[in-house]
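UniProt numbering applies: residue 1 is where the sequence shown begins, and numbers increase by one.
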Amino acid sequence: MIAPGDIVVISAGDDWPEHLFRVEEVWEDCVGGIALTGPMAGAYGQPEYDLIVGVVGKEDP
């Protein structure tokens, strides 16, 4: 189960490379948060669950 504060890997797409993403909100069909690495670092996004490769950690409190 993905939760706020999780650091996940987002798979590469046509317009972006694989990157780390910090989950801030969890919804039924997607998550909301901030890209941590790659050319979109710092940008807000709402990737769907099928783009999440896996959870790699938890944000430090």
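Where is the CB? At the ideal position from N, CA and C, for every residue including glycine.
Would you please state the rounded distance, in angstroms, between the beta carbons of residue i and residue j? I believe it to be under 8 Å.
i     : j     : result
VAL31 : GLN46 : 7 Å
ILE2  : ILE52 : 7 Å
VAL23 : VAL9  : No, VAL23 and VAL9 are not in contact; Cβ-Cβ is about 12 Å, not under 8 Å.
Return the bridge partner residues of residue i from the DSSP annotation.
i          : result
residue 86 : This structure does not reach residue 86, given that the chain is present from 1 up to 61, and the question cannot be answered.
GLY45      : GLY33
Got a sec, what are the start and stop residues for the beta strand (DSSP E) residue i sits in?
i     : result
ILE52 : 52 to 58
ILE2  : That residue, ILE2, is in no beta strand (DSSP E); it is neither H nor E in DSSP.
Are the beta-carbon atoms of residue i and residue j separated by less than 8 Å?
i     : j     : result
ILE29 : GLU48 : In the sequence on display, residue 29 carries Asp and not Ile. In this structure, GLU48 lies closer than 8 Å to ASP29 by Cβ.
PRO17 : GLY42 : no
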